[in-house]
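Numbering (our numbering), first residue to last: 6 to 320.
As structure tokens, then:
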């Protein structure tokens, strides 16, 4: 019965006349269930309302490019240079096509039409082809739009890619740096450390000048330094890639081989990011205003900014 209801909902969301209204209603209900209030969609105020507004109304055709991991890599290379792109080792339409003997001992497997799913293979002992094929089949089973209702993913070709496992200095996992841009200007940087989706994951927030911020969100904070050279590189790259977009998150890695751009994200956390307070959500909604003063963002009283550059040698 649940499967039938899901299929019916999928059909309704895609209908030319009824679909847009149904998508709006469904997304508004998700928002209300998350935050306990209805979203202001006609005139968004908060950070999350702005993201939700884009999901419902923005039909910029470039969104379908950046949501497609293969097309997105070409976009990144064209705007920023091929050195920023995480290499693609192989690409397939079906998991049964994968020749595991052609892949390195350590690699990452992911679908190209979704946001989030990934399989990390850290060595031969972690490579279980049967389990990976089963996961890949599940990834490719549906159009991601039917789950997320994020328009940019609708109709994106369903494929698989393998990438090399990125490493930071000394062979440790790299720090992930999410650069939030608005009107082509970098405004916020979120550093992430620890395996994504686990209890080990931590974050640290900075503004584009390198000032440490107190922005409690959905992860515990950690002292993750941001070196001036890394900050400058992140800002330069993010602004180059996001030029012409009302907002865009540029997801980077600070690797031993230099700064790499993993993907471009137009729908940050699907408009459901649980900030530390509604007041923070409202304050960050002001970032869509070109005149917003970053000094209004709360500073962090702890760790000073700076530190050794993680990727300068690789640039």
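Glycine included, C-beta positions come from ideal geometry on N, C-alpha and C.
Between residue i and the ligand MG, is there a pair consisting of the residue's CB and a ligand heavy atom that are separated by less than 6 Å?
i: residue 281; result: Looking for the ligand MG in the displayed structure turns up nothing, as the structure carries no ligands at all.
Whose CA, out of the options, lies closest to the CA of residue i?
i: residue 239; options: 261, 274, 110 and 265; result: 265
i: residue 195; options: 223, 142, 170 and 139; result: 223
i: residue 272; options: 186, 283, 303 and 202; result: 186
i: residue 284; options: 165, 220 and 179; result: 220
i: residue 86; options: 281, 263, 296 and 292; result: 263
i: residue 243; options: 74, 182 and 260; result: 182
i: residue 261; options: 174, 290 and 83; result: 174
i: residue 247; options: 27, 60, 84 and 39; result: 84
i: residue 136; options: 103, 153, 281 and 120; result: 103
i: residue 250; options: 229, 65 and 60; result: 65
i: residue 63; options: 77, 279, 302 and 252; result: 252
i: residue 75; options: 218, 60, 93 and 254; result: 93
i: residue 143; options: 125, 282, 237 and 115; result: 115
i: residue 27; options: 47, 39 and 61; result: 61
Quick one: Cα of residue i to Cα of residue j, how far?
i: residue 151; j: residue 306; result: 43 Å
i: residue 138; j: residue 101; result: 7 Å
i: residue 37; j: residue 145; result: 30 Å
i: residue 106; j: residue 14; result: 41 Å
i: residue 19; j: residue 25; result: 8 Å
i: residue 34; j: residue 207; result: 29 Å
i: residue 91; j: residue 189; result: 22 Å
i: residue 258; j: residue 179; result: 6 Å
i: residue 29; j: residue 23; result: 10 Å
i: residue 148; j: residue 118; result: 8 Å
i: residue 123; j: residue 202; result: 11 Å
i: residue 209; j: residue 21; result: 43 Å
i: residue 231; j: residue 215; result: 7 Å
i: residue 303; j: residue 217; result: 9 Å
Can you tell me whether residue i is helix, strand or coil according to DSSP?
i: residue 106; result: helix
i: residue 101; result: helix
i: residue 95; result: strand
i: residue 280; result: coil
i: residue 36; result: helix
i: residue 17; result: helix
i: residue 153; result: helix
i: residue 229; result: coil
i: residue 165; result: strand
i: residue 260; result: strand
i: residue 24; result: helix
i: residue 54; result: helix
i: residue 116; result: strand
i: residue 62; result: helix
i: residue 180; result: strand
i: residue 190; result: strand
i: residue 201; result: coil
i: residue 250; result: coil
i: residue 240; result: helix
i: residue 270; result: strand
i: residue 145; result: helix
i: residue 304; result: strand
i: residue 185; result: strand
i: residue 235; result: helix
i: residue 126; result: strand
i: residue 255; result: strand
i: residue 218; result: strand
Which same chain residues end up closer than 8 Å to residue i when comparing Cβ atoms and leaving out the 5 residues on each side of it in sequence?
i: residue 192; result: 185, 186, 212, 213, 292, 297 and 299
i: residue 267; result: 91, 181, 256, 257 and 258
i: residue 31; result: 14, 18 and 154
i: residue 73; result: 117, 118, 161 and 162
Apart from the five residues on each side of it in sequence, which residues of its chain come closer than 7 Å, Cβ to Cβ, to residue i?
i: residue 205; result: 199
i: residue 110; result: 128 and 129
i: residue 287; result: 50 and 51
i: residue 80; result: 70 and 71
i: residue 140; result: 124
Comparing the C-beta of residue i with each C-beta of chain D, is any distance below 7 Å?
i: residue 91; result: Chain labels in this structure do not include chain D; a single protein chain is all it has.
Tell me which residues share the same chain as residue i and place their Cβ nearer than 6 Å to its Cβ, disregarding the 5 neighbours each side in the sequence.
i: residue 108; result: 167
i: residue 78; result: 90
i: residue 197; result: 181 and 208
(request) Check whether the region 65–72 touches the region 148–167, counting contact only when three or more Cβ pairs, one atom from each stretch, lie closer than 8 Å. (result) Flag = yes, the region 65–72 and the region 148–167 touch.
(request) Decide if the region 79–99 is in contact with the region 162–182; the criterion is three or more beta carbon pairs, one per stretch, under 8 Å apart. (result) Touching, yes.
(message) Is it the case that the region 125–135 contacts the region 41–52, given that we only count it when at least three CB pairs across the two stretches are under 8 Å?
(response) They do not touch, by the three-pair rule.
(message) Taking 8 Å as the cut-off, does the region 52–63 touch the region 272–281 (at least 3 CB pairs, one atom from each stretch)?
(response) Enough Cβ pairs lie closer than 8 Å, so yes.
(message) For the pair the region 167–184 and the region 111–125, tell me if three or more CB-CB distances fall below 8 Å.
(response) These segments touch.
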